[in-house]
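*Asks:*
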Amino acid sequence: MADIEKQSSASIKAEITEAQGPNDTAASNAEFQLSDPLKRRLKQRHVQMIAIAGTIGTGLFLGSGEALHVAGPLGALIAYMLVGTVAYSSLCSVGEMTTFAPISGTFPHFAARWVDPAFGFAVGWNYFYGQAISVPVEVAAAVILLGFWDDNTSHAAIYTAVICVLMCAINIFGVRYFGESEFFFALIKLSTIIGLLLAGLVIDLGGGPNHDRIGFRYWKDPGALGRADLVTNINTDRFLAIMSVIIQAAFSFTGMELVAIAASETESPRRNIGKAVNRVVYRIVIFYILGILMIGMLVSYDDDALLNTSGNAAQSPFVIAFNRAGVKVLPHIINAAVFTSAFSAGNSYLFCGSRILYGLALRGQGPRFLTYCTKNGLPLTAILVTCCFSLLSFMTVSSGAEQVFYWLQNLTATGGFIGWFCINLTYVFFRRGMLAQGFDLKANIYNHSWQPYLAWWGIFWTVFFTLVNGYAVFFSFDISDFLVAYINLPIFASLYFGYKFIMRTSVWKPEDMDLVTGIPSIEETEKPEVPPRTLPEKIAAILF
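Written out as structure tokens, the structure reads:
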């Protein structure tokens, strides 16, 4: 392996010397790969659990109650199923590009390399900002969840400081610590949701303390579809209710692309990321779709308890259902699980933000000092800069700054949708380039037979989500709400056209795309797969 790495480095250096092409892209891509000292320390089990951890969080445990209240059980189910397909299409697109080129910078680098350098610049900085601002949002959510046990508001600043320090410490200690922490948090999430689904089924069938068999009672009375209360026409109003929940569900699914962002630090990335993407569809169905179906069976959408906005376990539709059935112990268990979800989400956002920032700097689209890595391959300065954003969570402690904090939070509203759109659009360009240059798409370790239709499906719906994100403001116009919903669009456009004007970039033609330089071979990245021999190893192979 050492000989292969030496040979690869030598060939890349030769490519730097000899490369000629539009804007010297081959030379810059080769230098990009050579100067990247990140180490592959994430193992298969880390990657598998990271893939599912991104799809289970406060959106399912808490936010699903609001979705049920607005759209009813059928409306919420339709919304989550639709958004699940869009999330999956985006993950398939980024998974195929990442297994082809498992390098730092991930999809912003792919956008710069295969669409337009200005496009990659805009994608990268827009995504970094969204991830960095999401860190203090999750810190604030975790502090609120702790208030379930300690309602003394004077302790909020202490809890905020402790959570910030722990999140930053996990990332500063190294990617292996990040992987182990996410593995642990994912196990808690999985255990909790599986337990809730099984307990919910028992209660629905009459196995609770009150022995009330519920079945699909609430689908009949008050009904399967709720109303948005925006227009008088009942069918139109029901459609608007579903559309409102679609937007909420989309926020719940964002972050699934973390598994691809970690590619440059993953052991055998092509094989492990391919496996993770293949298995995500089953996990979306089992945990999200069945979870929404279950709460729609257990709780009536007009239940007053769904209006609870405490931000802790009391807001969870699962807690409401179990309280109605006479089971009183679960609120504390669920609150603990949701707390770990919030902490895990903040931990993941910090990791994502730092790696995107590092990738931007590595290809010359960010300050050069951010490329500094320790001898163990840790992008320390990029992590520290991203950690600084966690300090914004202290704004929630001050009543004067709290509104400003939530305004900053809402500015990222369309950031996730724009990220998904860019992933799918980049894949369309990538596929065109591969076919134009005679590459066999099926030769890649991971490829999906439904492409490029999945990518076009993702493009259509992400444009739709982005445009209707703030539709409710047009029924009662408010300039502040309008800006919150749509200001990300002009910001993204300014980043793209500003960079394009200054740097004079152009959109890559399929035949000019660099699909070779600096991309490690399979021999360089993949270790031989050891087949499981013992029963525990075989079980672990199925699960992870």
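Numbering (UniProt numbering), first residue to last: 1 to 544.
All residues carry an ideal CB built from backbone N, CA and C; glycine is no exception.
(1) Is the beta carbon of T153 less than 8 Å from the beta carbon of F394?
(2) Are the CB atoms of Y288 and L60 nearer to each other than 8 Å?
(3) T254 by DSSP, collapsed to three states: which one?
(4) Classify T374 as helix, strand or coil using the three-state DSSP reduction.
(5) The alpha helix (DSSP H) spanning R176 covers which residue range?
(6) In chain order, what residues of the same chain lie with their CB nearer than 6 Å to the CB of Q131, ignoring the 5 residues before and after it?
(7) Hey, would you say Y496 sits closer than 8 Å to A455, going by beta carbons?
(8) Any idea what DSSP makes of L42, helix, strand or coil?
(9) Under the criterion of a Cβ to heavy atom distance below 7 Å, does T414 qualify as lining the ligand GDP?
(10) Within a Cβ cutoff of 6 Å, which residues of the same chain sit near G207, ignoring the five residues on either side of it in sequence?
(11) Per DSSP, what kind of secondary structure is T534 in: helix, strand or coil?
(12) Three or more C-beta pairs closer than 8 Å, one from the region 359 to 367 and one from the region 332 to 339: is that the case here?
(13) Taking only runs of the alpha helix (DSSP H) that begin and end inside the region 459 to 499, which ones reach a length of at least 4 residues, in chain order?
(14) May I have the straight-line CA-CA distance separating P209 from A382, to the nearest angstrom?
(15) Could you check if E138 is buried or exposed, using at least 16 other CB atoms within 10 Å of its CB as the buried criterion?
(16) Report the CB separation of A305 from I320 in whole angstroms; it is logged as a contact under 8 Å.
(17) Spatial neighbours of L240 within its chain, please: C-beta separation below 6 Å, excluding the five flanking residues on both sides.
(18) Between the alpha carbons of I144 and T340, how many angstroms are there, rounded?
(19) Considering only the alpha carbon of each residue, which of R355, P528 and L205 lies closest to A263?
(20) Indicate the three-state DSSP secondary structure (helix, strand or coil) for T505 in the structure shown.
(21) Would you mind sorting G215 into buried or exposed? The rule is 16 or more other CB atoms within 10 Å of its CB.
(22) Ordered along the chain, which non-local residues of its own chain (more than five positions away) have a Cβ less than 7 Å from that of F183?
(23) In angstroms with no decimal places, state the Cα-to-Cα distance between V530 and E180.
(24) Would you kindly work out how many angstroms separate the C-alpha atoms of A10 and L146, rounded to a whole number?
(25) Only counting the same chain, and skipping five residues up and downstream in sequence, which positions put a Cβ closer than 6 Å to that of F417?
(26) So, is G117 buried or exposed, given that buried needs 16 or more other C-beta atoms within 10 angstroms?
(27) When you compare each of T525, Y486 and A87 to M256 by their alpha carbons, which one comes out closest?
(28) For N376, does the count of other Cβ atoms within 10 angstroms reach 16, so buried, or fall short, so exposed?
(29) Are the beta-carbon atoms belonging to R270 and T525 less than 8 Å from one another?
(30) Please list, in chain order, all residues of the same chain as I78 whose beta carbon is under 7 Å from its beta carbon, the five residues on each side excluded.
(31) With three or more beta-carbon pairs closer than 8 Å as the criterion, would you say the region 511 to 522 touches the region 99 to 108?
(32) So, using beta-carbon positions, are L515 and Q315 closer together than 8 Å?
(33) Suppose you measure from the CA of P22 to the CA of D512; what does that come to, to the nearest Å?
(34) Is it true that the CB of I203 sits closer than 8 Å to the CB of A76?
(35) Determine the direct distance from the alpha carbon of N278 to that of L435, and round the result to whole angstroms.
(36) Identify, in the order they occur along the chain, each residue of the same chain with its Cβ nearer than 8 Å to the Cβ of L391, setting aside the five sequence neighbours on each side.
*Replies:* Answer, in terms of the structure:
(1) Position 153 of the sequence shown, counting from 1, holds the residue named residue 153. Position 394 of the sequence shown, counting from 1, holds the residue named residue 394. Contact: no.
(2) As a working mapping, residue 288 is identified with position 288 in the sequence shown. As a working mapping, residue 60 is identified with position 60 in the sequence shown. For the 8 Å CB-CB criterion, Y288 and L60 form a contact.
(3) Counting from one through the sequence shown, the residue named residue 254 turns up at place 254. T254: coil per DSSP, three-state reduction.
(4) As a working mapping, residue 374 is identified with position 374 in the sequence shown. Assignment of T374 by DSSP, reduced to helix, strand and coil, places it in the coil class.
(5) For the purposes of this step, residue 176 is taken as residue 176 along the sequence shown, with counting starting at 1. Run containing R176: V175 to D204, per the alpha helix (DSSP H) assignment.
(6) Position 131 of the sequence shown, counted from the first residue, corresponds to residue 131. Apart from the 5 residues on each side of it in sequence, Q131 sits with its Cβ closer than 6 Å to the Cβ of Y349, C352 and G353 in its chain, given in chain order.
(7) Taking the first residue of the sequence shown as 1, we reach residue 496 at position 496. Taking the first residue of the sequence shown as 1, we reach residue 455 at position 455. Contact: no.
(8) Here the question's residue 42 lines up with position 42 in the sequence shown. In this structure, L42 counts as strand in the three-state DSSP scheme.
(9) Absence of the ligand GDP from the depicted structure is noted, as is the absence of any ligand whatsoever, leaving it without description.
(10) By 1-based counting over the sequence shown, the position of residue 207 is 207. Excluding positions up to five away in sequence, the list is empty.
(11) Numbered from 1 along the sequence shown, position 534 holds the residue referred to as residue 534. T534 falls in the coil class under three-state DSSP.
(12) Because the criterion of three Cβ pairs below 8 Å is not met, the region 359 to 367 and the region 332 to 339 do not touch.
(13) The region 459 to 499 contains these whole alpha helix (DSSP H) runs: 479 to 486.
(14) Translated into positions along the sequence shown, residue 209 becomes position 209. Translated into positions along the sequence shown, residue 382 becomes position 382. If I take the Cα positions, the gap works out to 53 Å.
(15) Residue numbering aside, residue 138 sits at position 138 when the sequence shown is read from its first letter. That one is buried.
(16) Stepping through the sequence shown from its first residue, residue 305 is reached at position 305. Stepping through the sequence shown from its first residue, residue 320 is reached at position 320. Indeed, because the Cβ distance is near 5 Å, the residues count as touching under 8 Å.
(17) Locating residue 240 in the sequence shown gives position 240, counting from the first residue. Within the same chain, A228 and L230 come within 6 Å of L240 by CB-CB distance, once the 5 residues on both sides are set aside.
(18) To locate residue 144, count along the sequence shown from 1; it is residue 144. To locate residue 340, count along the sequence shown from 1; it is residue 340. The C-alpha of T340 is placed about 12 Å away from the C-alpha of I144.
(19) Taking the sequence shown and counting its residues from 1, one reaches residue 263 at position 263. Checking every option, the nearest Cα to that of A263 belongs to R355.
(20) As a first step, residue 505 must be located in the sequence shown, where it is residue number 505. Three-state DSSP puts T505 in coil, outside helix and strand.
(21) As a first step, residue 215 is located in the sequence shown; it is residue number 215 there, counting from the start. Flag for G215 reads exposed.
(22) Position 183 of the sequence shown, counted from the first residue, corresponds to residue 183. Within the same chain, F183 has close Cβ partners R45, H46 and M49.
(23) Counting from one through the sequence shown, the residue named residue 530 turns up at place 530. Counting from one through the sequence shown, the residue named residue 180 turns up at place 180. So the two alpha carbons sit approximately 21 Å from each other.
(24) Within the sequence shown, residue 10 is the residue found at index 10, counting from 1. Within the sequence shown, residue 146 is the residue found at index 146, counting from 1. Only weak support is given to the placement of A10: the predicted model assigns it a pLDDT of 38, under 50, and the value that follows is read from those uncertain coordinates. For A10 and L146, the distance between alpha carbons rounds to 54 Å.
(25) Locating residue 417 in the sequence shown gives position 417, where the first residue counts as 1. Closer than 6 Å at the Cβ level, and outside the excluded window around F417, lie T462, F465 and T466.
(26) The residue you call residue 117 lines up with position 117 of the sequence shown. In the sequence on display, residue 117 carries Pro and not Gly. Sixteen is the threshold: when 16 or more other Cβ atoms of the shown chains lie within 10 Å of the Cβ of P117, as they do, the residue is buried.
(27) In the sequence shown, residue 256 corresponds to position 256, counting from 1. Just measuring C-alpha positions, the residue of T525, Y486 and A87 sitting nearest M256 is A87.
(28) Translated into positions along the sequence shown, residue 376 becomes position 376. N376 comes out exposed.
(29) Taking the first residue of the sequence shown as position 1, residue 270 is located at position 270. Taking the first residue of the sequence shown as position 1, residue 525 is located at position 525. Yes, Cβ-Cβ distance for R270 and T525 is below 8 Å.
(30) Within the sequence shown, the letter at position 78 stands for residue 78. Counting only Cβ-Cβ distances below 7 Å, and skipping sequence neighbours, we find I242.
(31) Yes, they touch.
(32) The residue given as residue 515 occupies position 515 in the sequence shown. The residue given as residue 315 occupies position 315 in the sequence shown. Inclusion of L515 and Q315 in the CB contact set at 8 Å is not warranted, their separation being larger than that value.
(33) Your numbering for residue 22 matches position 22 in the sequence shown. Your numbering for residue 512 matches position 512 in the sequence shown. Bear in mind that a pLDDT of 42 at P22, under 50, signals an unreliable position, so the model cannot answer this.
(34) Looking up residue 76 in the sequence shown gives position 76. Looking up residue 203 in the sequence shown gives position 203. Taking a C-beta distance under 8 Å as the contact criterion, A76 and I203 do not qualify as a contact pair.
(35) On the sequence shown, position 435 is the one that residue 435 refers to. On the sequence shown, position 278 is the one that residue 278 refers to. Distance from the CA atom of L435 to the CA atom of N278, rounded to whole angstroms, is 23 Å.
(36) The residue you call residue 391 lines up with position 391 of the sequence shown. The beta carbon of L391 lies closer than 8 Å to those of P136 and C164 in the same chain, with the five residues before and after it left out.
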